[in-house]
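Colleague: The structure that follows is given in the form of structure tokens.
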Amino acid sequence: MPHVFIIAEAGVNHNGSLDLALRLVDAAKASGADAVKFQTFRADLLVTRSAHKAPYQERTTANGESQFEMLQRLELDAAAHERLIDYCRQIGIQFLSSPFDAESADLLAAMDVPMYKVPSGEITNLPFLQHLARKGRPLILSTGMSTLGEVEEAVHVLQSAGASQLTLLHCVTEYPAPYAEVNLRAMQTLKSAFGLPVGYSDHTPGIDIAIAAVALGAEVIEKHFTLDRSLAGPDHAASLEPVELQQMVAAIRHVEAALGTGIKSPAPCELLNISVARKSVVAARALPAGHQLAIGDLDIKRPGNGLAPKLLPALIGRTLRAGLVKDEIITWDHLA
Numbered sequence: 000m001p002h003v004f005i006i007a008e009a010g011v012n013h014n015g016s017l018d019l020a021l022r023l024v025d026a027a028k029a030s031g032a033d034a035v036k037f038q039t040f041r042a043d044l045l046v047t048r049s050a051h052k053a054p055y056q057e058r059t060t061a062n063g064e065s066q067f068e069m070l071q072r073l074e075l076d077a078a079a080h081e082r083l084i085d086y087c088r089q090i091g092i093q094f095l096s097s098p099f100d101a102e103s104a105d106l107l108a109a110m111d112v113p114m115y116k117v118p119s120g121e122i123t124n125l126p127f128l129q130h131l132a133r134k135g136r137p138l139i140l141s142t143g144m145s146t147l148g149e150v151e152e153a154v155h156v157l158q159s160a161g162a163s164q165l166t167l168l169h170c171v172t173e174y175p176a177p178y179a180e181v182n183l184r185a186m187q188t189l190k191s192a193f194g195l196p197v198g199y200s201d202h203t204p205g206i207d208i209a210i211a212a213v214a215l216g217a218e219v220i221e222k223h224f225t226l227d228r229s230l231a232g233p234d235h236a237a238s239l240e241p242v243e244l245q246q247m248v249a250a251i252r253h254v255e256a257a258l259g260t261g262i263k264s265p266a267p268c269e270l271l272n273i274s275v276a277r278k279s280v281v282a283a284r285a286l287p288a289g290h291q292l293a294i295g296d297l298d299i300k301r302p303g304n305g306l307a308p309k310l311l312p313a314l315i316g317r318t319l320r321a322g323l324v325k326d327e328i329i330t331w332d333h334l335a
């Protein structure tokens, strides 16, 4: 099975602080995740000044603050991006970001960020998708809030504009997402419909559903994390804390290792147990040489290093070449 690519989603959980962002990078690295992802945007290019916040944002941020004001507080400038990218290279974790506008995408390209993560809200922004595809980088597209038809249109636009490496993430865009509305099988629908690598961007509480997604074939997992769920900000409450992130990564590695090849055969660790756990045909009582075997002369017991129980019918009526004691394993050499 391919290595599951685990993205630790820092997002905007840095609260606009470069120091906090760097500490998030450290936590992502310590967890064993493959990449740490931020969000790259300019509030004035992303949202109007009169736009309302989402209900989950209203619950987790200051009252009376517009979405524009909230996002403006959460921007990371170019210098912060450079510092984060350099630091990720130093400690050996991949830096990723989700651009929300063409200028932000250009900034990431100029900084040689190797791929784009396309947020769910941009799936119907076809001009933006074309702009990203023309960069010639691998793309990971979240499909939250979308119908299969919208995904199909986005895939067509991206591939027509030159996107040759495209991964689709099933996603439910709510924070936290209710378990009963996750519809995890939709990830498999995406795989069947488009024949592309698929994964899952998880917004549910805890780590269970992300682990289940790997068992169902996810090749990419994305999960929000924070240093402290009690911090003020739109995404902290629906994020994992560092210990939980470590637990999720470890569990995913266990599951991907356990999935194996799909070939049904004894595992190497089972080979020494076969003869112990299986059974053989044995003498039910002491039997003299020359005796013709009947069903009452035979029993089936462990160990399994003799004739297999399925051969019992073939032994009836055979003559013993040598005598047997009770429970002695019968071999072909005993038979005339």
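Per numbering that gives the first Met the number 0, the sequence shown runs over residues 0 to 335.
All C-beta atoms, glycine included, are put in the ideal place defined by N, C-alpha and C.
1. Tell me where the alpha helix (DSSP H) around GLN291 begins and ends.
2. Cutting at 8 Å between CB atoms, please list the residues of its own chain near VAL324, excluding the five before and the five after it.
3. For the alpha helix (DSSP H) containing VAL156, list its first residue and its last residue.
4. State yes or no: is the C-beta of VAL213 within less than 7 Å of the C-beta of ILE251?
5. Is the beta carbon of ALA7 sitting closer than 7 Å to the one on ALA20?
6. Taking 7 Å as the cut-off, decide whether the C-beta atoms of HIS202 and PRO241 are in contact.
7. Are the beta-carbon atoms of HIS235 and ASN12 separated by less than 7 Å?
8. Looking at the structure shown, is SER200 part of a helix, part of a strand, or coil, going by DSSP?
9. By Cβ distance below 6 Å, which residues in the same chain neighbour SER97 in space, the five residues on each side in sequence not counted?
10. Please confirm whether GLU218 and PRO196 have their CB atoms less than 7 Å apart.
11. Going along the chain, which residues of its own chain have a beta-carbon closer than 8 Å to the beta-carbon of LEU347, five neighbours each way excluded?
12. Any idea which residues DSSP pairs GLU57 with across the strands?
13. Per the DSSP calculation, THR39 is bridged to which residue(s)?
14. Grab me the residues of LEU314's own chain with a C-beta within less than 8 Å of its C-beta, minus the 5 sequence neighbours each way, in chain order.
15. What residue from ALA209, ILE84, HIS155, SER191 has the CA that sits closest to TYR178's CA?
16. Could you check which residue in SER264, GLY15, GLU180 has the C-alpha nearest to that of PRO204?
17. Buried or exposed for THR146, please, with buried defined as at least 16 other CB atoms from any protein chain shown within 10 angstroms of its CB.
18. What's the gap between the Cα of ARG22 and the Cα of PHE4?
19. Would the stretch 155 to 172 and the stretch 130 to 145 be scored as touching if the rule is three or more Cβ pairs under 8 Å?
20. Which residues bound the alpha helix (DSSP H) around ASP207?
21. What three-state label does DSSP hand GLU240 in the structure shown?
22. If we ignore side chains and look at the alpha-carbon of each, how far apart do ILE299 and LEU311 end up?
23. Just verifying my parser: in three-state terms, what is the DSSP assignment at GLN93?
Modeller: Walking through what the data contain:
1. Careful: GLN291 lies outside any alpha helix (DSSP H) and carries neither H nor E.
2. ALA282, ALA285
3. 147 to 159
4. yes
5. no
6. no
7. yes
8. strand
9. GLN38, LYS116, PRO118
10. yes
11. As displayed, the chain neither begins before 0 nor continues past 335, which places residue 347 out of reach and without an answer.
12. DSSP, once it has assigned bridges, lists no residue as partnering GLU57.
13. PRO98
14. VAL280, LEU292, LEU297, LEU306, ILE329, LEU334
15. ALA209
16. GLU180
17. exposed
18. 21 Å
19. yes
20. 207 to 214
21. coil
22. 9 Å
23. strand
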